[in-house]
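Working notes, structure below.
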Amino acid sequence: LDREAELRRAIEGDEFLMVYQPRVDILSGMTQSMEALVRWQHPERGLLEPAEFIGLAEDTGMVVELGALVIDKVCAQIARWSEHDAALVPVSINVSPQQFRNGDVGSVLGEALARHKVPPSLIELEITESSVMDEDAAVSSTLSQLQKQGIKILVDDFGTGYSSLSQLHRLDFDVLKVDQAFTANIETSAEGMVFFTAIVTMAHALGMRVVAEGVENLAQVRLLRTLQCDEVQGFFISRPLPAGDSQPVLPPRT
Ligand code: G
Ligand code: G
Ligand code: MN
Ligand code: NA
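Using this note's numbering, the letters of the sequence shown map in sequence onto residues 1 to 254.
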């Protein structure tokens, strides 16, 4: 079976599951959101990470179908958690550029929310810079309609793409997630500190909160506090967690 046919079969047979990585406030440690990350439960090869199949899904266009499946799974999971938990934090879903261009994300999400009776305020969308930085009127109107329903829009992997200040301003994002490469650099170079500071200043001026991705140690958390970073995510805070019966939020730190 070639890889493409295998992935197609996996989407049809739903061989995927989601894990959830917390994103926490840098001062209180309160979980702000859980990022949904897809895994392929392969019948022979075990649990596969996105690096092994997202590229193929994108190249073949299958990421549109896979993305719709992910949206449905997340909404179903939120509905299950809500049977156990009185209050839930939102879940952020990674949306690939193709889903925005060809996938009708607005209706797919709207239908999944209705089907599972989930309020839109429990959903956030993570989009990479490249998917929104072409001045596509359809994409920006989809984004602002979603925001009007209470869905936060996050820029993912910030710093790796080609966004300009004017585009960030025009699109009115809620949260900027700074790529883990920049988090790694604050400890190792003076330029790294300067660069991160500049991002925070810019994001705050535009009304966005700043998340440092890929936080792996306490020294980074301390530095990020002095840099006025708002939220952190990474293995030091928590690895991605299985869903469980209750939402796997972290206890606040003191
Ligand atoms: O889970 P992990 O940290 O290995 O994810 C690696 C990459 O795969 C990240 O860039 C992440 O955005 C992407 N990814 C994870 N889950 C999803 C998903 O459900 N949909 C899309 N489009 N990308 C995902
Ligand atoms: O592009 P995106 O931000 O969606 O990617 C999330 C990916 O980053 C996931 O594959 C996740 O497993 C990985 N990740 C999350 N936290 C850390 C971390 O602290 N260090 C490293 N190296 N990877 C991380
Ligand atoms: Mn992400
Ligand atoms: Na990211």
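Cβ coordinates follow ideal geometry from the N, Cα and C atoms, glycine included. Being a predicted model, the structure only gives us computed values, none of them experimental.
Look up residue i in the DSSP assignment and say whether it is helix, strand or coil.
{"i": "Gly46", "result": "strand"}
{"i": "Met233", "result": "According to the sequence as given, residue 233 is Gln; it is not Met. Three-state DSSP puts Gln233 in coil, outside helix and strand."}
{"i": "Ser140", "result": "helix"}
{"i": "Ser163", "result": "coil"}
{"i": "Asp245", "result": "coil"}
{"i": "Ile153", "result": "strand"}
{"i": "Leu122", "result": "helix"}
{"i": "Arg239", "result": "coil"}
{"i": "Phe53", "result": "coil"}
{"i": "Gly110", "result": "helix"}
{"i": "Gly103", "result": "coil"}
{"i": "Ser28", "result": "coil"}
{"i": "Asp59", "result": "helix"}
{"i": "Gln228", "result": "coil"}
With the cut-off set at 9 Å, would you say residue i and residue j are in Cβ contact?
{"i": "Val211", "j": "Gln233", "result": "yes"}
{"i": "Val89", "j": "Met34", "result": "yes"}
{"i": "Ile127", "j": "Asp172", "result": "no"}
{"i": "Arg209", "j": "Asp174", "result": "yes"}
{"i": "Glu124", "j": "Ser164", "result": "no"}
{"i": "Val19", "j": "Ile71", "result": "no"}
{"i": "Ile11", "j": "Leu56", "result": "no"}
{"i": "Gly214", "j": "Ala181", "result": "yes"}
{"i": "Asp230", "j": "Asp2", "result": "no"}
{"i": "Gln32", "j": "Glu15", "result": "no"}
{"i": "Ala36", "j": "Gln77", "result": "yes"}
{"i": "Ile151", "j": "Pro120", "result": "yes"}
{"i": "Gly103", "j": "Val139", "result": "no"}
Among all the DSSP beta bridges, which residues are the ones paired with residue i?
{"i": "Trp40", "result": "Phe16 and Leu48"}
{"i": "Phe182", "result": "None, per the DSSP bridge assignment."}
{"i": "Val95", "result": "Ile127"}
{"i": "Phe158", "result": "Val178"}
{"i": "Glu35", "result": "Gln21 and Ser92"}
{"i": "Lys117", "result": "Looking at the DSSP assignment, Lys117 forms no beta bridge with any residue, so it has no partner."}
For residue i, count neighbouring C-beta atoms within 10 Å of its own C-beta (all shown protein chains included) and say buried if the count is 16 or more, exposed if not.
{"i": "Arg115", "result": "exposed"}
{"i": "Gln145", "result": "exposed"}
{"i": "Thr188", "result": "exposed"}
{"i": "Leu143", "result": "buried"}
{"i": "Tyr162", "result": "exposed"}
{"i": "Phe235", "result": "exposed"}
{"i": "Ala205", "result": "exposed"}
{"i": "Asp59", "result": "exposed"}
{"i": "Pro22", "result": "buried"}
{"i": "Asn122", "result": "Strictly speaking, residue 122 in this sequence is Leu, with Asn absent from that position. Its Cβ being crowded by 16 or more others within 10 Å, Leu122 is buried."}
{"i": "Gly207", "result": "exposed"}
{"i": "Val194", "result": "exposed"}
{"i": "Pro251", "result": "exposed"}
{"i": "Lys148", "result": "exposed"}
Any C-beta of chain B sitting closer than 9 Å to the C-beta of residue i?
{"i": "Ser141", "result": "Here there is only one protein chain, and chain B is not present."}
For residue i, verify whether its CB is less than 8 Å away from any heavy atom of ligand 6.
{"i": "Glu35", "result": "Ligand 6 is absent from the structure shown, which contains only ligand 1, ligand 2, ligand 3 and ligand 4."}
> Along the chain, which unbroken stretches of the alpha helix (DSSP H) at least 4 residues long are found entirely within the region 174–221?
Replying inline: Within the region 174–221, the complete alpha helix (DSSP H) runs of at least 4 residues are 180–188 and 190–205.
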